[in-house]
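Following: one structure in C-alpha cells, then a few remarks.
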Amino acid sequence: MAIIERPAAVPATVGSVAAPEVVTPTQALGVFRRPVSSSGWKSWLFTVDHKKLGIMYGAVALFFFLVGGVEALLIRLQLAAPDNTVLSADQYNQMFTMHATTMVFLFVMPMAAAFANYFLPLQIGARDVAFPRINALGFWLFLFGGLFLNSSWLLGGAADGGWFMYSPNSSALFSPSHGIDFWVLGLQITGIASLIGALNLIVTVLNMRAPGMKLMQMPVFTWMVLVVQFLLLFAMPVITVALFLLSFQRNFGATFFDVNQGADPLLWQHLFWIFGHPEVYIIILPSFGIISEVLPTFARKPLFGYKFVVFSGAAIGFVGWGVWAHHMFASGLGPVSVAVFSVATMLIAIPTGVKIVNWTLTLWGGKLWFTTAMLYAIGVIVLFTIGGVSGVTHAVAPSDTQQTDTYHIVAHFHYVIVGGAVMGLFSGFYYWWPKMFGKMLSERLGKWNFWLMFFGVNLTFGPMHILGLQGQPRRMVVWPEKLTGDGFFDMHFWNQVASVGSFVIGLGVLIFVINIFWTWKKAPLAPLDPWDARTLEWITASPPKEHNFDRIPTVHALDEFFHRKYEEMDTEDGPRLVKVKSAEEVLAEEESHADAHIHLPSPSYWPIVLSAALPIIAYGVIYNLMLSVIGTAILLLAVFGWCLEPSVADDSDYDPPAGGDSTKELATLG
Amino acid sequence: MDRSKETVSTLGRMPSTRRHWSRAALLTSVGLMLAGCANNAPQDIFEPKGENSKKIDTLQRPVFYIAGVVALIVIGVVGYAMWKFKDRGQDIPEQTHGNPKLEIALTILPAIILAGISVPTVITVFQLDKKTDAECIINVTGQQWWWEYDYATGQCGDVKIDKPIVTAGELVIPEKTNVLLRITSRDVIHSYWIPALNGKRDAVPGRLHTLRMQADQPGIYTGQCTEFCGLSHSRMRQAAVALTAGDFQKWVDNQMKDYVAPEAGSLAAEGEAVFTANCSKCHQINDLKNADGSPVLSEPDLYVVPGVAPNLSHLMNRTAFAGWTFDLLTDECRVKLWNAKPADFGAMYLKGITPECFEQVALRDWLRNPPGMKPMFVDPNNLSSTGGKYRGMPNLNLKPDQIDQLIAYLLGRN
Amino acid sequence: MFTTGSKLFLGATALSIVSAIVFGASVGGSAGMLGTIGLISVSVVFAFLAGINLFTRDGNLAATESDVERNAAAAQAGVGRSMWPLAAALGAGGLVVGTISKPVVFKVSFIVLLAAAAEWMVQGFSERVSADSKYNEGIRKRLLHPLEFPLLASVGAAVFIYSFSRIMLNIDKDAGRWVFMVIGAIITAVGFVFAAKRGMGKSTVAGIITVGALALVGVGIASAVSGQHPIEPHPAATAAVCLGTASEVQIEEVDAKASQSVAAKSNPLANVYLTSDEQLYALNTGIGNVQYHEITVPRSNAVHVLFHNDSAEPRRLTVHLGTFKAKDGSEGSEEAECTTALEKGGTAFLSFKINKSQLASSTPYRLTVPGVEDQEIKLLVP
Amino acid sequence: MADIAVHDVDHAHTDHGGYDDHAPHATSTGLTNNKLSMWLFLGSECLLFGGLISTYMLYRGRHQTGPGPDQIFDIPLTSVSSFILLMSSLTMVLAVNSAKRKDDRNTSLWLTITALLGALFVGGQVYEFTSFYHEGLGFTTSLFGSSFYTLTGFHGVHVTLGIIMLMVVVFIMQRDRITGDKAEVVELVGLYWHFVDVVWVIIFTLVYLIPS
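Residue numbers (the numbering used here), protein chains in the order written: chain Y, 13 to 682; chain B, 11 to 424; chain F, 38 to 419; chain U, 767 to 978.
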C-alpha cells in the first residue's frame with residue numbers, strides 16, 4: 013500500500029561530506045529496504061491493506077473448502093455401499109476428523125474473516141482496520157497454520173480423534189501417530205490468528221466509525237461480526253488452555269488426562285465445549301449478518317425489527333456461553349446440570365426464532381428481486397429453520413440421549429452449518445463480488461449453483477435424519493450388509509441417497525468455481541451500484557481505492573446510502589419514495605470533497621516473517637526442540653523488528669529515495 | 011425428519027426377503043421409498059420397549075410434532091411471501107423499520123411453547139436419573155472394542171447371585187425389573203446404548219455412570235457403541251436380552267455350573283489343549299485346569315491395553331461374538347429366535363448355540379485372522395506407544411487343524 | 038572482482054567448513070554428529086549467501102565500479118572503534134578451549150562468536166553504506182536493534198534470575214526468606230533514593246544499578262559453584278507404611294502436612310466412611326443409602342474410592358492388593374496402597390487397579406483402616 | 767508459550783490505523799486503539815488463567831503419587847515473593863506517574879526497578895521449582911505436579927515477558943526511539959504488569975493459602 017501523501021521528491025543526494033556522486037542508500041541497501049510496492053506479487057505478500065488481506069483470506073479459505081469438500085466426498089463414497097473399502101478404518105477416522113477441522117477452522121471461520129476484513133471497515137466508513145499489520149499477521153498465521161495442519165497427511169497421517177478430540181482417545185497411547193500433535197499445534201496457530209483478529213476488529217468497530225454513525229446505526233453485518241469477535245476473544249483462550257494441556261500430555265508427559273493418575277476425562281470435554289459451543293455461533297452469526305444485508309436490499313425495504321435482530325444476535329452470543337454442556341447430556345453430568353443446560357438450550361431458541369421471524373417479515377410487503385444472492389439468503393431461512401427445529405428436539409435432554417451421536421445430529425448440524433452458514437457465505441459471494449472485483453458473477457451459472465446446492469443439501473442431509481432416528485451412530489467407517497442379530501436393518505437406501513446428494517453439492521460447488529473463472533476472464537465490468545444497495549460500502553468505487561473513501565462519509569441514518577439516493581416525495585397518491593440521485597452522483601459528490609491528507613501505513617515484512625516462525629516452532633515441538641529454539645529466535649527478531657518499525661516507510665525506502673527532512677513520525681513505540 | 015410412528019409400527023418386523031423388495035422401491039416411487047425407510051429397524055428410537063424409553067418417547071413425540079409444524083409454518087410463510095411479493099413492478103415499499111408489538115408477541119410465543127416443553131423435560135430428566143429403586147446391579151465396562159458385564163453378588167430381581175458372573179457382549183436381564191447399570195470404561199470413552207430400553211450413557215474411564223434398564227417383555231434388543239472409540243468403533247455392538255424371572259434363574263444357574271471338561275481323546279479335548287496353550291493367556295474359562303490340576307489363570311493385563319479379554323466360559327450361550335459383531339447363529343435360527351413370541355423366547359434363547367444352529371464361517375475366519383475381520387491395533391511391529399501391548403486380538407497364526415479343534419472345544423462352552 | 042560482502046561470506050564459508058571438519062574429527066557420538074551437521078549447514082548457508090552476494094554484486098551494480106568504491110566517502114572515513122574483533126577472538130579462543138574441556142564452554146563461545154560475527158558484519162557493512170555516518174548508524178540500528186534489544190533484555194533477565202535462584206539454593210532455607218526480603222527492600226529503597234536525588238546523573242544511577250546487579254550475578258555464580266543446600270525428597274507411602282509395619286518415624290514423615298481435602302468428588306466407585314465409633318462401611322455409587330461391606334470390583338479397572346474419616350483419630354485407608362508369587366516361584370509379600378493419615382473430617386482419594394483375579398492372590402483383596410480392628414470391606418474381583 | 771509473546775508485544779506496542787497520525791485521539795470511544803486493545807487482550811487473558819485455575823482446582827487433592835501441596839509449599843517464602851511482586855506494582859505506578867509528568871529519568875529508573883523486582887520474583891519461582899523438584903514433585907509426577915507447574919509456569923512466563931517488555935522500553939527510551947506518546951506506552955506496559963500481579967494474588971490465594 014502506498015502512502016498517499018509523500019513528501020515532494022528531492023534530488024537523490026545524501027550526506028554532507030564531499031563526493032557528489034555517492035552511492036545512494038537505497039541502492040546500497042538492496043534487500044533491506046522496506047517493501048513499498050503497490051502492485052505485483054510483493055504488494056500482496058507484504059500488504060497490510062484490509063481489502064487485499066480480505067481477498068487472500070477468501071481465496072485460501074475457498075481452497076480449504078475444496079480440500080474439506082473432497083474429504084467429505086471420500087467419506088460419502090465410503091458410505092455409499094455396505095462394508096465398503098474405499099477407505100480403511102484408520103483413513104476414515106482421519107478423514108472425518110480433518111473434514112470437520114478443515115471446514116470449521118479453515119473454511120467457515122476464515123471465510124467469515126474474509127468478509128469481515130473486507131467489508132467491516134467499508135461498512136463503518138474507515139480507511140483501514142485499527143492495526144493493519146496485525147491484520148496481515150492474522151492472515152499469514154491462518155495460512156501457515158492451515159498448511160501446517162494439513163502437512164500431517166504427508167508426515168505419517170492426520171489426526172484421527174474426531175474434531176472434538178475427546179481424551180483419553182487423543183493420548184499418545186491410543187493415537188500414536190503425530191497427527192494429533194499437528195492438529196493441536198495447527199489449531200494453536202490458527203487460534204492466535206482468530207484472537208488477534210478479534211482484538212483488531214473490535215477496536216476498529218468501537219473506535220473508528222465514520223462521524224455520525226452510532227452503534228445502532230451500524231449495518232447488521234458489522235453488528236454480527238462484532239458479536240462474533242467478542243465470542244472469539246473469550247472462547248479462544250479456553251481452547252488454548254485445552255490444547256496446551258493436551259500437547260503437554262502428549263509431548264512432555266503431563267498427567268492431565270491420565271485416568272490411572274486420578275484424572276477426569278470430562279475436563280477436556282468441558283474445556284472443549286466451553287469453546288466449542290460459542291464456536292457454533294462464531295460460525296453462524298456472520299452468515300446471519302450477511303443475509304440481514306442481502307434480504308433488505310432485494311426486498312427494497314429496511315430490515316424488519318433492526319433492533320430485535322441486533323439484540324437477538326447479542327443475546328445468542330451471550331446465552332451461547334451457558335449451554336456448552338448440551339453436547340454432554342450423555343456424558344454423565346448428573347440430573348441437575350442436565351436439567352439446567354437443557355432449559356438454557358431451549359432459551360437460545362428464542363432469539364434464534366426472533367431472527368427467523370424478522371427475516372420473514374422483511375420479505376413481507378417487499379418488492380422481491382430474486383437474484384442468486386437473494387435465493388441463497390432465502391435458502392438460509394428455510395434450511396436453518398429445519399436445522400433449528402431439529403435442534404429443539406435435542407434440547408430436550410432425555411430425547412437427546414436417544415439422538416446424540418447418531419446421524420440425526422449429523423443431519424441437524426449440517427442443516428445449520430451448510431444450510432445456515434455456508435449458504436449465507438455464498439449469498440455474500442454473489443452480493444459483494446461486484447464490489448470486490450468490479451465484475452458480477454454470472455447470474456445464470458449462479459442459479460444453477462444455488463439450485464444444485466439447495467437440492468444437494470436436502471438430498472444429503474435430509475435422509476440422515478431418518479438414518480439417525482433408526483439408530484445409525486455417527487463416525488462409523490462401515491455400515492454392514494446386515495447388522496448382527498437381526499438381519500433386517502435396511503440402511504442401504506438412505507445412505508445411498510445421501511451419497512448421491514453429496515455429489516450434487518459437489519457439482520454445485522464446481523459450477524461456482526467455474527463461475528469464478530468465467531467472471532474473471534469473460535464478464536464485463538459491473539455497474540457502480542448493481543443491486544440498488546443500502547449501506548456505506550457502496551459509496552465508493554468498485555473495487556474501492558486503497559484508501560477506501562476519498563472523503564469519510566458522514567452518517568445520518570441506518571441505510572445511509574439508500575437515504576442519499578431516495579427521498580420521500582408527496583405525490584397525488586400520497587407520499588412515495590422517489591430516486592433523487594444515482595449512485596454515480598452520490599459518489600461524485602463525495603469525490604469532489606476529497607480529503608487532502610490521507611496517511612496509510614506502509615507494507616511490512618514482519619507479519620509474514622513472524623508468522624513463519626510459528627510453524628517452525630511447532631515442527632520443533634514434534635520432531636526436535638532445537639528447531640523450536642531457532643523458530644523462537646526468528647519470532648523474537650520479528651516481534652522486535654515489528655515494534656521498532658515505523659508505521660510509514662522511511663523516505664529512503666522509495667526508489668528514487670525521497671530523503672530530505674522527513675516530518676514523518678515513528679510509530680508510538682519505536 | 012418428523013417420521014411418525016404409524017408407518018413404522020404398523021409394518022412391524024419384516025422378513026429378510028423384503029429387503030430386496032425395498033431395494034426395488036429405491037428405483038420406483040416416492041411412496042415405496044417411504045416404505046423402504048420404514049423397514050424394520052431394531053434400533054429405531056420411536057419403538058420403546060421398556061419403562062424408561064417409553065418415558066422418553068412420550069416426551070419427544072410431541073416435541074417432534076411441534077417442531078415439524080413450526081418448520082412447516084415458517085417454510086409456508088416464506089414460500090407465500092416469495093410468491094406474493096415478487097417484484098411485479100410495484101412501487102418501492104414503505105421503509106418501515108418494524109412493529110415492536112408484533113415483535114414482542116412473536117418473541118413471547120416461542121417462549122411459551124418452550125416453557126411448555128421444558129417442564130416435562132426437567133421432570134423426565136430427574137425420573138430417569140433415579141437410583142434408589144434398583145432391584146439389580148450390573149457393572150458394565152467398555153473397552154476397545156467390546157463390552158464386559160460383571161454381575162455383582164446379591165439379589166438381582168428375584169434371583170440371588172452368589173458369586174460374580176462375568177460375561178461379554180450380550181447383557182442378560184430379568185424382565186419387568188429395574189436394573190441399574192453402572193457403566194465405566196477401561197481405556198477410552200465409549201457409550202452404552204440400547205435404544206429400545208433407554209437413552210445412551212457414556213462409559214468414561216475413572217468415572218462411574220448409572221443407567222436404568224427395564225424391559226417390559228422377553229426379547230432381544232440391540233444397540234451400538236455411540237461414542238467414537240477408535241479403529242473399530244463401528245464394530246462395537248451390544249444387545250440386551252430380557253428373560254422371565256424363571257428363565258433368568260436358569261441362565262444364572264447355567265453361569266454358575268461347574269466346568270464341563272471335554273471327553274478325553276475327543277477333538278474337543280485337543281481343542282482344550284490348544285486353548286490352554288494359546289488363548290488362555292488372555293481369555294478366561296472358569297475352572298479350567300492345567301495338567302497338574304492348578305487353575306488356568308488368564309493374565310490379559312500383560313498382553314492387552316485394557317487388561318481384560320472376553321470371558322469365554324459360556325461363549326455358546328451368546329448369539330454373537332467379537333464385540334457382538336459376528337453371528338454365532340445361522341441366519342435361519344436367528345430369524346426364528348428374533349421372531350419368537352415373548353412366551354417362547356426364553357426357552358429358545360437358553361438353548362444357546364446348538365450344533366445345528368451354529369454358524370461356523372465367521373468364527374473360523376476370526377480364529378484364522380482376527381484383525382482381518384475387525385480393524386484393531388495389533389501389528390506386532392508397531393506397539394511402541396503401548397509398551398508392547400495389543401489393542402484387540404492379534405493374529406495367532408493358528409493352523410487349520412488347530413482351528414478345527416478349537417471350534418469343537420468352544421462349541422461345548424455353553 | 039569479489040565484492041566486500043562476498044569476501045566476508047566466502048571467508049565465513051571456509052571457516053565453517055574447517056571448523057566442521059575439526060569438530061567432526063574431535064567430537065564423537067550423537068552430539069558430534071549433530072554439531073557437525075549444524076556446522077555443515079552453517080557453511081552451506083554462508084556459501085549460499087556468498088553466492089547471492091556475488092550474483093547481485095552486493096545488491097548494487099555500481100559497487101563493482103572500483104571508482105565509486107574508492108571515492109565513496111565512507112570508504113575514506115576512518116573506521117570507528119569496534120569491540121567486535123576482540124569479542125570474536127575471545128569466542129574463537131573459547132571454541133578451541135571448549136573442544137578439549139567442557140561442552141558448556143564450547144557452546145557459550147560458539148554463541149559469543151556468532152553474535153560477534155553478526156555484529157561485526159553488520160557494523161562493517163553499515164559503515165560502507167553511505168557517506169553519511171549518521172545515516173550509517175541509523176542503518177545499523179535498524180538492522181540490529183530488533184536483535185539486540187530482546188536478546189539483551191532476555192539474557193540480562195535470565196542471568197539475573199538464574200543468579201538469584203542459585204543464591205537462594207545455596208544459603209540456608211530459613212535465611213533465604215530474609216535474604217529474599219532484604220534484596221527486595223534494597224532494590225525498592227534504592228529506587229526511592231535515586232528518584233528523590235535528582236542531582237544524580239543518569240549515568241551514575243545506571244552505573245550503580247549495574248554494579249549492584251553485577252554483584253548479585255557474581256555472588257550467584259559463586260553460589261552455583263559451591264552447590265546447594267540439602268533438599269530431602271518426601272518419602273512416599275510404601276506397603277509397609279500402609280500395613281502399619283513401618284517405623285513410627287517413617288510413618289510420620291509420610292503423613293507430614295498431608296492434604297485433607299479434595300475439590301471434585303465426582304463419581305468414585307464408592308465412598309468409604311469411617312464413623313466416629315470406628316465402623317467402616319461403603320456407599321456404592323448409584324445405589325441409595327445402603328451400607329456395603331463387600332464391593333465387586335471389575336478387573337484391570339482404575340478404581341477411585343473416596344475416603345472420609347469421621348473418627349477422632351488420624352486414620353488412613355489401606356487397600357490390600359494381594360500377595361503374588363515372584364517370578365522365581367518364591368512367595369512374595371503383600372502389596373498395599375493407602376491414603377495419608379487424615380484428621381477428623383478429612384477426605385482423600387484412594388485409587389487403585391487390581392489386575393488379577395482373586396484366585397491368583399494368596400491373600401484377599403480388601404479395604405482396611407490400620408489401627409481399627411475387625412473392620413474391613415471385601416473387594417470381590419472375579 | 768512463544769505465541770503469548772506475540773500477543774503481548776503486539777498489543778503493548780502499536781500500529782498506525784487508517785486515521786491520520788496527527789489526531790490519534792479521534793476515536794469513537796475516546797480510548798486510543800492501543801489502550802482499548804490492551805484492555806480487550808487482558809479480558810481474553812482472564813479466560814486463559816480462568817481455564818488454568820479451573821484445571822488446578824478440579825484436580826486439587828486428586829493426586830495419587832508424589833508429595834502434596836501442603837507437604838512442599840513454603841508459605842513464608844512465597845508470601846515474601848508475592849509481596850515483592852505487589853511492590854513492583856507500586857513502582858510501576860510510579861513509573862507511569864513519572865512518564866505522565868514527562869520525567870524521563872525517573873520513568874527509566876522506576877521501570878528498571880520494576881523489572882528488577884519482577885526478576886527477583888521469577889528468581890524466587892525458579893528457586894521454588896528447583897526445590898520442589900528435588901523434593902520429589904516433577905512435572906509428570908502427578909496431577910498436582912502437572913497442574914501446579916502449568917498454572918504457575920504460565921504466570922511465570924507472563925512475568926518474564928513483562929520484564930522483557932519493561933527492559934525494552936527502557937532501552938528504547940535511552941535511545942530516544944519513542945517519538946510518539948511515551949506515557950501511553952509506559953501505561954500499556956503498566957496495565958499488563960498490574961494484570962499479571964492481580965492474577966498472582968488470585969493464584970497465591972487459591973493455590974497456596976486455601977488448602978493449608
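All C-beta atoms in this analysis are idealised placements derived from N, C-alpha and C, irrespective of residue type, glycine included. Just so you know, these numbers come straight off a predicted model, no measurement behind them.
**Study point:** Contact list for the region 331-342 of chain F against chain B, Cβ threshold 9 Å
**Key:** E331, I332, T333, V334, P335, R336, S337, N338, A339, V340, H341
Practice item. Please classify R192 of chain B: is it buried, with 16 or more other beta-carbons within 10 angstroms of its beta-carbon, or exposed? Key: Position 182 of the second sequence, counted from the first residue, corresponds to residue 192 of chain B. By the 10 Å Cβ count, R192 of chain B comes out buried.
Practice item. Quick one: which residues of the region 478-490 of chain Y get their C-beta closer than 8 Å to a C-beta of chain F? List them in chain order. Key: none
Practice item. Identify the contact partners of P539 of chain Y in chain B, using a Cβ-Cβ distance below 8 Å as the criterion. Key: By 1-based counting over the first sequence, the position of residue 539 of chain Y is 527. In chain order: nothing, as chain B lies at least about 18 Å away.
Check your understanding: With DSSP run on the structure shown, which of helix, strand or coil describes F970 of chain U?
Key -> Within the fourth sequence, residue 970 of chain U is the residue found at index 204, counting from 1. Residue state, collapsed to three classes: helix.
Practice item. Would you kindly report the start and end of the unbroken alpha helix (DSSP H) that includes A327 of chain Y? Key: On the first sequence, position 315 is the one that residue 327 of chain Y refers to. Note, A327 of chain Y: alpha helix (DSSP H), 318-331.
Review point. Whole-angstrom Cβ separation of K390 of chain F and S337 of chain F, contact assumed at under 8 Å?
Key: Within the third sequence, numbered from 1, the residue matching residue 390 of chain F stands at position 353. Within the third sequence, numbered from 1, the residue matching residue 337 of chain F stands at position 300. The Cβ separation is near 7 Å, so the contact holds.
Check your understanding: Counting pairs of beta carbons, one from the region 304-323 of chain F and one from the region 338-353 of chain F, are three or more of them closer than 8 Å?
Key -> yes
Practice item. Check H8 of chain Y in the structure and name its three-state DSSP category. Key: Shown here, chain Y extends from 13 to 682; a query on residue 8 of chain Y therefore has no answer.
Point to revise | Cβ-based neighbour list, A535 of chain Y, same chain, cut-off 8 Å, excluding 5 preceding and 5 following | key: The count along the first sequence starts at 1 and reaches residue 535 of chain Y at position 523. Closer than 8 Å at the Cβ level, and outside the excluded window around A535 of chain Y, lie K451, M452, L453, S454.
Review point. For L227 of chain Y, does the count of other Cβ atoms within 10 angstroms reach 16, so buried, or fall short, so exposed?
Key: Along the first sequence, read from residue 1 onward, the residue named residue 227 of chain Y stands at position 215. The residue is exposed, with fewer than 16 neighbouring Cβ atoms inside 10 Å.
Exercise for review: Could you tell me whether the Cβ atoms of P205 of chain B and P419 of chain F are closer together than 8 Å?
Suggested key: By 1-based counting over the second sequence, the position of residue 205 of chain B is 195. By 1-based counting over the third sequence, the position of residue 419 of chain F is 382. Against a cut-off of 8 Å, the Cβ pair of P419 of chain F and P205 of chain B comes out as no contact.
Review point. What residues from chain F crowd round N149 of chain B, counting only those whose CB sits closer than 7 Å?
Key: Position 139 of the second sequence, counted from the first residue, corresponds to residue 149 of chain B. Going along chain F in sequence order, the residues near N149 of chain B (Cβ under 7 Å) are T333, P335.
Practice item. Specify, as a first and last residue, the run of the alpha helix (DSSP H) that I930 of chain U falls within. Key: Position 164 of the fourth sequence, counted from the first residue, corresponds to residue 930 of chain U. Segment 909-940, the alpha helix (DSSP H) holding I930 of chain U.
**Study point:** Between the CA atoms of G88 of chain F and L98 of chain F - distance to the nearest angstrom
**Key:** Stepping through the third sequence from its first residue, residue 98 of chain F is reached at position 61. Stepping through the third sequence from its first residue, residue 88 of chain F is reached at position 51. Residue placement at L98 of chain F is poorly supported in this model, since its pLDDT is 48, which falls under 50; the coordinates are not used for a value here.
Practice item. Go ahead and label G80 of chain Y buried or exposed: buried means 16 or more other beta carbons lie within 10 angstroms of its beta carbon, across all protein chains shown. Key: To locate residue 80 of chain Y, count along the first sequence from 1; it is residue 68. Per the 10 Å Cβ criterion, buried.
Point to revise | Supposed close pair N207 of chain F, S263 of chain F - CB separation, criterion 8 Å | key: In the third sequence, residue 207 of chain F corresponds to position 170, counting from 1. In the third sequence, residue 263 of chain F corresponds to position 226, counting from 1. Sure, about 6 Å apart at Cβ, within 8 Å.
**Study point:** Contact set for G142 of chain F: own chain, Cβ-Cβ below 8 Å, skip 5 residues either direction
**Key:** Translated into positions along the third sequence, residue 142 of chain F becomes position 105. A small correction: the amino acid at residue 142 of chain F is Val; Gly does not occupy that position in the sequence shown. Only G131, V134, G135 meet the Cβ criterion.
Review point. So is P305 of chain F in contact with chain U if we call contact Cβ pairs under 8 Å?
Key: Working through the third sequence from its first residue, we reach residue 305 of chain F at position 268. Output row for P305 of chain F: interface = no.
Check your understanding: DSSP beta-bridge partners for T333 of chain F?
Key -> Within the third sequence, the letter at position 296 stands for residue 333 of chain F. Partner(s): F:L417.
Check your understanding: At which residues does the beta strand (DSSP E) containing A307 of chain F begin and terminate?
Key -> The sequence position of residue 307 of chain F within the third sequence is 270, counting from 1. 307-311 is the span of the beta strand (DSSP E), which, as asked, contains A307 of chain F.
Check your understanding: Checking contacts by CB at 8 Å: is T163 of chain B closer than that to chain Y?
Key -> Translated into the one-based positions of the second sequence, residue 163 of chain B becomes position 153. Output row for T163 of chain B: interface = no.
Check your understanding: Is T795 of chain U close to chain Y, meaning its C-beta is less than 8 Å from at least one C-beta of that chain?
Key -> Start at 1 with the first residue of the fourth sequence, and residue 795 of chain U comes out as number 29. Yes, because at least one Cβ of chain Y sits closer than 8 Å to the Cβ of T795 of chain U.
**Study point:** Short CB-CB distance (under 8 Å) between T552 of chain Y and chain U
**Key:** Numbered from 1 along the first sequence, position 540 holds the residue referred to as residue 552 of chain Y. By this cut-off, T552 of chain Y is not an interface position.
Review point. Where does V79 of chain B land, buried or exposed, given buried means 16+ other C-beta within 10 angstroms?
Key: What you label residue 79 of chain B is simply residue 69 of the second sequence in a count that begins at 1. Classification of V79 of chain B: exposed, given that the 10 Å Cβ count is below 16.
**Study point:** Local Cβ density within 10 Å of G796 of chain U, reported as buried at 16 or more and exposed below that
**Key:** In the fourth sequence, residue 796 of chain U corresponds to position 30, counting from 1. So G796 of chain U counts as exposed.
Exercise for review: Please report how far the alpha carbon of Q227 of chain B lies from the alpha carbon of T151 of chain B, in whole angstroms.
Suggested key: The residue given as residue 227 of chain B occupies position 217 in the second sequence. The residue given as residue 151 of chain B occupies position 141 in the second sequence. Approximately 25 Å, taken between the alpha carbons.
Check your understanding: First and last residue of the beta strand (DSSP E) that includes K210 of chain F?
Key -> Locating residue 210 of chain F in the third sequence gives position 173, where the first residue counts as 1. Looking at the DSSP string, K210 of chain F is not in any beta strand (DSSP E); the run it does join, the alpha helix (DSSP H), is 210-233.
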